[in-house]
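Numbering-wise (my numbering), the sequence shown opens with residue 4 and increments by one. All residues carry an ideal CB built from backbone N, CA and C; glycine is no exception. On a predicted model such as this, the values are computed, not experimentally measured, just so you know.
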Amino acid sequence: MNRVMLTATNTLAQLQQQMDSISNNIANIDTNGYKKQNATFTDLLTQQFNNQKDAEKEVNRLTANGIRQGVGAKLAQTQTVMTQGSITTSDRSLDTAFTKEGQLYRVQINNGDAAEIQYTRDGAFYLSPVSDTENMLVTKEGYSVLDENNSPIILSNKVKDYKISPTGTLIADLNNGQEQNVNLGVSYANFPQLLEKKGNNLYGIAANAGNANEIVTDLDGDLRGQIAVQQNASEKSNVDISSEMVNLMATQRAYQFQSRSITMADQMMGLVNGIR
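Now the structure itself:
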């Protein structure tokens, strides 16, 4: 295959992935707690042609002798950006928002017979009945919210009001005048680039990421003082629509250039084949 076509074809596939990432960011601009993703590129493969054997004849050499040719660009990684989103007030007592970057709630996902811990930044919680006298604290998708011991949070259904402290303690004021206190399970992402999106605004640790305890740190015990939660609030996504549209147009223009290079290479081969 023509080298120009090979380079353009490889790059087109990677640019399509970048457009998919940008489109996903734009689609989730109104998703609470959503964190945008940025794509970075690197050379897919380079080949060295040593066409100049005499080093003294090289002019303005920046690298080794010869010409280095690539065969396209590769999407190096799609990194999650954990910057803080804007905070909006809410009238629901179970709406919470983190006011520090990198903190995540722990939730339980049931995959068949196995239970898996995943993470979310969305602090809009709800109650799901589990018996005549008890409710379970869940996310809007129905996933169980975990406490500091990684157990589902079960609350009495005889509650007048809910309070959530700045350090993530849920206080349920019962009808009989007593209180039920539960510490929400909160973790801090030390390496957010090693978290992969699982869908439904959830994050999980990649299978080949390494030691999970190094990637996230559970803010329990003496570390609970680092938690920063605001009640009656929601955190919006950190997507900036203007910058995303600029990135989308730039990516589309690059896609257009690569497509045009294939057309030009085809035309040049047609001219060569037409020579008699």
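message: What does the alpha-carbon distance come out to for the pair E199 and T14?
response: 24 Å
task: Using only alpha-carbon positions, find the residue among T170, L177 and L78 that is nearest to K161.
output: L177
task: Take D164 and list the residues in its own chain whose beta-carbon comes closer than 7 Å to its own, dropping the five residues that flank it on each side.
output: S96 and D176
Nearest candidate by alpha-carbon position, reference D125, set E217, E247, Q233 and T266: Q233
- prompt: Taking the alpha carbon of L158 as the point to measure from, which residue in D150, G273 and Q183 has its own alpha carbon closest?
  reply: Q183
- prompt: Is the segment 209-220 in contact with the segment 135-143, if contact means three or more CB pairs nearer than 8 Å?
  reply: no
- prompt: In whole angstroms, what separates the C-alpha of P132 from that of V141?
  reply: 10 Å
field: Where Q19 sits in the DSSP three-state scheme
entry: helix
- prompt: How about S93 and S237: are their beta carbons less than 8 Å apart?
  reply: yes
task: Can you grab the Cα-Cα spacing for the pair G202 / I244, in whole Å?
output: 21 Å
task: Give me the Cβ distance between V242 and I29, rounded to the nearest whole Å; I'm assuming they're in contact under 8 Å.
output: 7 Å
- request: Could you please give the first and the last residue of the uninterrupted beta strand (DSSP E) stretch that includes V1?
  value: Given a span of 4 to 279 for the chain in the structure shown, any question on residue 1 remains unanswerable.
query: Can you tell me whether DSSP reads S262 as helix, strand or coil?
result: helix
CB-CB length for P195 against M85, believed under 8 Å: 5 Å
message: Can you look up Q106 in the DSSP assignment and give me helix, strand or coil?
response: strand
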